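S.K.:
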Amino acid sequence: MRSHLLNDTTTEHYRRSVTEGVERVAAKLAATDRPFTGVTVDDLAPRIDAIDLDRPLRDTTAVLDELEDVYLRDAVYFHHPRYLAHLNCPVVIPAVLGEAVLSAVNSSLDTWDQSAGGTLIERKLIDWTAARIGLGPAADGVFTSGGTQSNLQALLLAREETKTDELTKLRVFASEVSHFSVQKSAKLLGLGPDAVVVVPVDHDKRMQTVALARELERCTEAGLIPMAVVATAGTTDFGSIDPLPEIAGLCEQYGAWMHVDAAYGCGLLASRKYRHRIDGIEHADSVTVDYHKSFFQPVSSSAVLVRDAATLRHATYHAEYLNPRRMVTERIPNQVDKSLQTTRRFDALKLWMTLRVMGADGIGALFDEVCDLAAEGWKLLAADPRFDVVVEPSLSTLVFRYVPAAVTDPAEIDRANLYARKALFASGDAVVAGTKVSGRHYLKFTLLNPETTTADITAVLDLIAGHAEQYLGESLDRAC
Numbered sequence: 238m239r240s241h242l243l244n245d246t247t248t249e250h251y252r253r254s255v256t257e258g259v260e261r262v263a264a265k266l267a268a269t270d271r272p273f274t275g276v277t278v279d280d281l282a283p284r285i286d287a288i289d290l291d292r293p294l295r296d297t298t299a300v301l302d303e304l305e306d307v308y309l310r311d312a313v314y315f316h317h318p319r320y321l322a323h324l325n326c327p328v329v330i331p332a333v334l335g336e337a338v339l340s341a342v343n344s345s346l347d348t349w350d351q352s353a354g355g356t357l358i359e360r361k362l363i364d365w366t367a368a369r370i371g372l373g374p375a376a377d378g379v380f381t382s383g384g385t386q387s388n389l390q391a392l393l394l395a396r397e398e399t400k401t402d403e404l405t406k407l408r409v410f411a412s413e414v415s416h417f418s419v420q421k422s423a424k425l426l427g428l429g430p431d432a433v434v435v436v437p438v439d440h441d442k443r444m445q446t447v448a449l450a451r452e453l454e455r456c457t458e459a460g461l462i463p464m465a466v467v468a469t470a471g472t473t474d475f476g477s478i479d480p481l482p483e484i485a486g487l488c489e490q491y492g493a494w495m496h497v498d499a500a501y502g503c504g505l506l507a508s509r510k511y512r513h514r515i516d517g518i519e520h521a522d523s524v525t526v527d528y529h530k531s532f533f534q535p536v537s538s539s540a541v542l543v544r545d546a547a548t549l550r551h552a553t554y555h556a557e558y559l560n561p562r563r564m565v566t567e568r569i570p571n572q573v574d575k576s577l578q579t580t581r582r583f584d585a586l587k588l589w590m591t592l593r594v595m596g597a598d599g600i601g602a603l604f605d606e607v608c609d610l611a612a613e614g615w616k617l618l619a620a621d622p623r624f625d626v627v628v629e630p631s632l633s634t635l636v637f638r639y640v641p642a643a644v645t646d647p648a649e650i651d652r653a654n655l656y657a658r659k660a661l662f663a664s665g666d667a668v669v670a671g672t673k674v675s676g677r678h679y680l681k682f683t684l685l686n687p688e689t690t691t692a693d694i695t696a697v698l699d700l701i702a703g704h705a706e707q708y709l710g711e712s713l714d715r716a717c
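Note that the sequence shown covers residues 238 to 717 in this note's numbering.
1) Please report the straight-line C-alpha distance between residue 651 and residue 589, rounded to a whole angstrom.
2) Going by DSSP in three states, residue 717 sits in which element: helix, strand or coil?
3) What does the Cβ neighbour count give for residue 473, buried or exposed, with the cut at 16 atoms within 10 Å?
4) Please name the residue, chosen from 535, 530, 500, 253, that lies closest to residue 518 on a Cα-to-Cα basis.
5) In whole angstroms, give me the CA-to-CA distance for residue 257 and residue 298.
6) Considering only their Cβ atoms, is the gap separating residue 496 from residue 538 smaller than 8 Å?
7) From residue 413 to residue 357, what distance separates their C-alpha atoms?
8) Is it a yes or a no for the region 567-574 touching the region 611-622, going by three-plus beta-carbon pairs under 8 Å?
9) Look up residue 263 in the DSSP assignment and say whether it is helix, strand or coil.
10) Which runs of the beta strand (DSSP E), 3 residues or longer, sit entirely within the region 391-421?
11) Using C-beta distances below 7 Å, list every residue in its chain close to residue 580, excluding the 5 sequence neighbours before and after it, in chain order.
12) Return helix, strand or coil for residue 656, following the three-state DSSP convention.
13) Could you give the first and the last residue of the continuous alpha helix (DSSP H) run that contains residue 280?
14) For residue 520, count neighbouring Cβ atoms within 10 angstroms of its own Cβ and tell me buried if that reaches 16, exposed if not.
15) Residue 281 and residue 311: beta carbons closer than 8 Å?
16) Give a yes or no on contact between the region 362-372 and the region 391-401, applying the rule of three or more CB pairs nearer than 8 Å.
17) Would residue 249 be called buried (16 or more neighbouring beta carbons within 10 Å of its own) or exposed?
18) Helix or strand or just coil, what does DSSP make of residue 546?
19) Do residue 685 and residue 324 come within 8 Å of each other at the CB atom, strictly closer than that value?
20) From what residue to what residue does the beta strand (DSSP E) around residue 615 run?
21) Go through the region 331-374 residue by residue and report every complete run of the alpha helix (DSSP H) that reaches 4 residues or more, in order.
22) Using DSSP bridges, identify the partner residues of residue 671.
23) Do you know how far the Cα of residue 484 is from the Cα of residue 493?
24) Does the distance from the CB of residue 411 to the CB of residue 438 come in under 8 Å?
25) Going by Cα to Cα distance, which pick from 251, 315, 489 is closest to residue 337?
26) Report the three-state DSSP secondary structure of residue 650 (helix, strand or coil).
27) Where does residue 447 sit, in a helix, a strand or coil, going by DSSP?
28) For residue 428, report the span of its alpha helix (DSSP H) as first-last.
29) Could you check where the alpha helix (DSSP H) with residue 495 kicks off and where it finishes?
30) Can you name, in chain order, every residue of its own chain whose Cβ lies under 6 Å from the Cβ of residue 679, other than the five neighbours on each side?
31) Strictly by DSSP, which residues pair up with residue 634?
32) Under 8 Å between the Cβ atoms of residue 375 and residue 542?
33) Among residues of its own chain, excluding the 5 on either side of residue 555, which ones have a beta-carbon nearer than 7 Å to its beta-carbon?
34) What residue from 576, 601, 584 has the CA that sits closest to residue 532's CA?
35) If you reduce the DSSP assignment to three classes, tell me which class residue 710 lands in.
36) Assign residue 478 to one of three DSSP states: helix, strand, or coil.
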């Protein structure tokens, strides 16, 4: 079994195995003509259940053949231009190369003596991102597993910065369309059930600053503590961007920590065309960025950044066997001193490789393309009497629903849209997402693939309308 360990004696085995795997995936990508096969849980589960993990196949080719059957053939392929559902981006080749390198070397980014140059590369990328945001010379941060962890850590720092033990008095303010991780973080941080104050949004799904000011005033008058305001730069459902400069002013007025969840909108940091849409982000005390959403990186690649590096001390614990306190005075850079995680992958390498090959302008140009595509898609939807579109996009998301001319029952229209999404997924011709707006069911395009065209959007809209019309026709037949 030692022949399977990657070391100096097995490099040829490593080369052959990885090459065979890469060739298998490359062939699959080249042959994929739709984003999904339509396989169901009932179809796939028995194939996986039948595999006896205690009886290995002992042959790479045989294992890849099996993997074709249980995974590769029926995977959801984000690279396909008609995958239009969630915040999953196609990935760039330099990042995939970085993934291959980091997996083989297997550095752990918790301590210097497990990573060496990896630590310095991650720190360089944090400094680069902080400079793009405009956080100032005292900024710092650390890579995380994703936006949920980044938001949790940011709110942990905000909680500790209030310097109070009266946790039931702390309040976090977030818009009604902010990410669910705000509520989850509040619970994990031991705050009260009423800790998150939901602030209404305007017609464009942006936080209403008048309402925020009213809630902050009410909070202070009641003797409560405004711990943090979470502004969103790219909401999951709508891609909407809260009014960051105005929120920054209110945070300063009321002494609240300003966190900007830019997990989605961080792509604008590399944009030469639309960077102004997140003006005001430079006033934040902390920022979440997900490179694996709008920097075209493989999952996971995310970070949390802070204006004042000293606040990261709230995540610091010293263990003699890992990062003893003396290492601080010895100026040994241990990333675990800043992180909620201990063992941690060298995910920063993927972004490093991307920047060194493509440059920031290359990333930004790709993100600008999908933002431009969303603007064209909005025009198509606004001009199409079959659909109701919610808001003009700030990023690359379109929320809409099919509205038949002959049906006026909102519940029946809801069912038609739900059916259309399910039928489209089952067909494998395209994948779209869904959400609720004012209690009604809507569909969603999240456009993150520059290869998607307006022709793709038009074709998928026609498919949706066709499935919805089929449902309504069958519904009418049943009623008769």
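A virtual CB, placed ideally from N, CA and C, is assigned to each residue, including glycine. Quantities reported herein were computed from a predicted structural model and do not represent experimental measurements.
M.R.: Put simply:
1) 45 Å
2) Bear in mind that a pLDDT of 48 at residue 717, under 50, signals an unreliable position, so the model cannot answer this.
3) buried
4) 500
5) 8 Å
6) no
7) 39 Å
8) The region 567-574, when compared against the region 611-622, does not touch it at the 8 Å Cβ threshold.
9) helix
10) As for any beta strand (DSSP E) of minimum length 3 sitting wholly inside the region 391-421, the runs are 407-412, ordered along the chain.
11) 345, 347
12) Helix, per DSSP.
13) 278-286
14) Buried, by the Cβ-count rule.
15) yes
16) no
17) Its Cβ having fewer than 16 others within 10 Å, residue 249 is exposed.
18) If DSSP states are grouped into helix, strand and coil, residue 546 belongs with the helices.
19) yes
20) Run containing residue 615: none in the beta strand (DSSP E); it sits in the alpha helix (DSSP H), 596-620.
21) 354-370
22) 680
23) 10 Å
24) no
25) 251
26) Of the three classes helix, strand and coil, the one that applies to residue 650 here is helix, per DSSP.
27) helix
28) No alpha helix (DSSP H) holds residue 428; DSSP gives it neither H nor E.
29) Taken as a continuous stretch (DSSP letters only), residue 495 belongs to no alpha helix (DSSP H), being part of the beta strand (DSSP E) at 494-499.
30) 636, 638, 672
31) 683
32) no
33) 561, 562
34) Measuring from the Cα of residue 532, the nearest candidate turns out to be 601.
35) helix
36) strand
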